[in-house]
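*Asks:* With numbering that gives the first Met the number 0, letter number 82 in the sequence shown gets 81, and the count goes up by one each step, no holes.
Below is the structure I would like to discuss, written out as structure tokens.
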Amino acid sequence: MEALTWAEILSRMFYQLIPVWIALIAMFSISIYFKRNLGLYGKLFDSPIGMIGFGIVMFWAFVGFFAGAFDMISTHDPLSQVSGMKNKVPGTPFRGAEEGDYAFYLLGGDHLARDVFSRVMDGASI
């Protein structure tokens with residue numbers, strides 16, 4: 000199995016984050032529709048900078064919610080160490096992947112051979 004290209008890594012990360020994108024689209028749609036009735040919160044949606052900042056904050060809030068409460072985003076256990084995956088580059092195939100395991104370390108492995116993508120997503124849930 001070959002390593003993933005950057006386009007494949009980004010597309011797989013986008014796919015893993017689909018619940019977050021759906022929640023953001025729903026929240027922004029409802030907020031923009033009712034912004035005149037929402038007082039100070041509605042004023043955020045009059046400014047592009049306010050919407051961008053609010054979008055970044057809510058992105059991480061939704062990542063934390065879906066990664067922590069539902070365990071929908073992480074590809075591997077963020078604390079498990081896998082022999083041979085130490086300091087691997089992004090898109091490296093997961094060694095010893097069994098049926099049902101995610102086949103790649105999307106953002107590579109850290110110095111203790113843990114999946115960086117899963118650690119970032121799980122870190123948002125704290």
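For each residue, glycine too, the CB sits at the ideal point set by N, CA and C.
Below 8 angstroms on the Cβ atoms is my contact criterion, and I expect K85 with H110 to pass it. Report the Cβ-Cβ distance as a whole number of Å.
*Replies:* 7 angstroms
*Asks:* Using DSSP's beta-bridge definition, name the partner residues of G107.
*Replies:* DSSP, once it has assigned bridges, lists no residue as partnering G107.
*Asks:* If distances are taken between C-alpha atoms only, which option among I8, I72, I31 comes closest to G49?
*Replies:* Residue nearest to G49 within the set I8, I72, I31 is I31 (criterion: CA-CA distance).
*Asks:* Taking the alpha-carbon of G63 as reference, which of T4, P77, D121 has the nearest alpha-carbon?
*Replies:* D121
*Asks:* Less than 8 angstroms between C-beta atoms, sequence neighbours within five positions excluded: which residues of the same chain meet that for D45?
*Replies:* K34
*Asks:* Could you check whether the stretch 6 to 19 touches the stretch 71 to 78, counting it as contact only if at least three pairs of C-beta atoms, one from each stretch, sit closer than 8 angstroms?
*Replies:* yes
*Asks:* Tell me whether the beta-carbon of W5 lies closer than 9 angstroms to the beta-carbon of G90.
*Replies:* yes
*Asks:* Measuring CB to CB, does F61 end up less than 9 angstroms from V19?
*Replies:* yes
*Asks:* Restricting to Cα atoms, I'd like to know which of A2, L39, I51 is closest to L23.
*Replies:* I51
*Asks:* Which value, in whole angstroms, describes the spacing of the CA atoms of Y101 and A123?
*Replies:* 20 angstroms
*Asks:* Could you tell me which whole alpha helix (DSSP H) segments of length 4 or greater appear in the stretch 7 to 70?
*Replies:* 17 to 32, 39 to 42, 47 to 67
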